[in-house]
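Below is one structure; the comments refer to it alone.
Numbering (this note's numbering), first residue to last: 5 to 133.
Below is the structure:
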């Protein structure tokens with residue numbers, strides 16, 4: 005009974021309600037029951053910070069996700085302490101995706117390797133070669 009010519013989903017309490025969101029506002033179709041500033045990608049956004057997270061309303065990371073507030077542009081698996089962490093290895097380093105908690109020189113074939121010059125392609129590399 006509260007539908008309008010422009011909005012068939014309008015309600016008694018909200019003339020901006022949409023088919024999918026009864027809490028939509030005039031300026032924000034993504035508003036939620038608890039947050040009129042929510043965005044399409046972030047239900048925790050605040051009036052002055054679209055990057056706010058559930059645990060940190062002051063977060064300034066545009067790549068943060070609901071599940072990972074430390075995600076980066078290039079790495080959705082980054083952690084607070086390691087921007088190079090991978091989905092399968094939180095100890096990965098910039099140059100070594102096989103690094104372990106106790107060994108940054110570990111290789112795919114040898115987790116006990118101790119060669120700081122080893123690369124992903126050449127575990128036998130030396131300082132000069």
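Quick reminder that beta carbons are idealized off the backbone N, C-alpha and C, glycines included.
Taking C-beta atoms as the reference points, residue 81 and residue 91 count as a pair closer than 8 Å.
Taking 8 Å as the cut-off, the Cβ atoms of residue 104 and residue 127 do not count as close.
Between residue 20 and residue 7, the CB-CB gap reaches or exceeds 8 Å. Within 10 angstroms of the beta-carbon of residue 116 lie fewer than 16 other beta-carbons, which makes it exposed.
Counting only runs that start and end inside the stretch 19–48, there is no alpha helix (DSSP H) element of at least 4 residues.
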